[in-house]
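Okay, so here's the structure we're looking at.
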Amino acid sequence: MKLGETIQSADWKKEKHVPVIECPDAVAANEPFMVQVSVGKEIPHPNTTEHHIRWIDVYFKPEGDKFIYQVAHVEFSAHGESVKGANEGPAYTNPSATFSMKVMGAGTLVALSLCNIHGLWESSKEITV
Ligand code: FE
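Residue numbers (numbering that gives the first Met the number 0): 0 to 128.
Structure, rendered in structure tokens:
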């Protein structure tokens, strides 16, 4: 089998695991723009010690290029762990992050998220220049 065969995809408005990419539809070449990636925008995903989103990766696939390029990796590290026990901790990282990037030409952003018990999920958004 191949890893790609295990990556799930769906409409983020109906499936809480699907990463949501928010950024301009069109940007200028070589000019920074903001990108927000999150999981659970419409239907919140649980954030407990036993069940949470571990990380989101973002890749850029330039139009006509064979390869993808990783542009961000965000780790969500706190999920209620504590010496008192699971879900007794003082901090929780929410599965959302904002970063700045720039591109030299058109392409597609691809987000990949990992739920610790429900595996890998992907979504994509085209960017024109
Ligand atoms: Fe899950």
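Where is the CB? At the ideal position from N, CA and C, for every residue including glycine.
In the DSSP assignment, Leu-111 is bridged to Asp-56 and Glu-121. Annotation for Thr-48: His-78, Gly-79, Glu-80, Ala-85 and Asn-86 place their beta carbon closer than 7 Å to its own, counting only its chain and skipping 5 residues before and after. Near the ligand FE, residues with a Cβ at less than 6 Å from any of the ligand's heavy atoms are His-16, His-44, His-50, Cys-114, Ile-116 and His-117; the list follows chain order. DSSP, reduced to helix, strand and coil, places Glu-4 within a helical segment of the structure shown.
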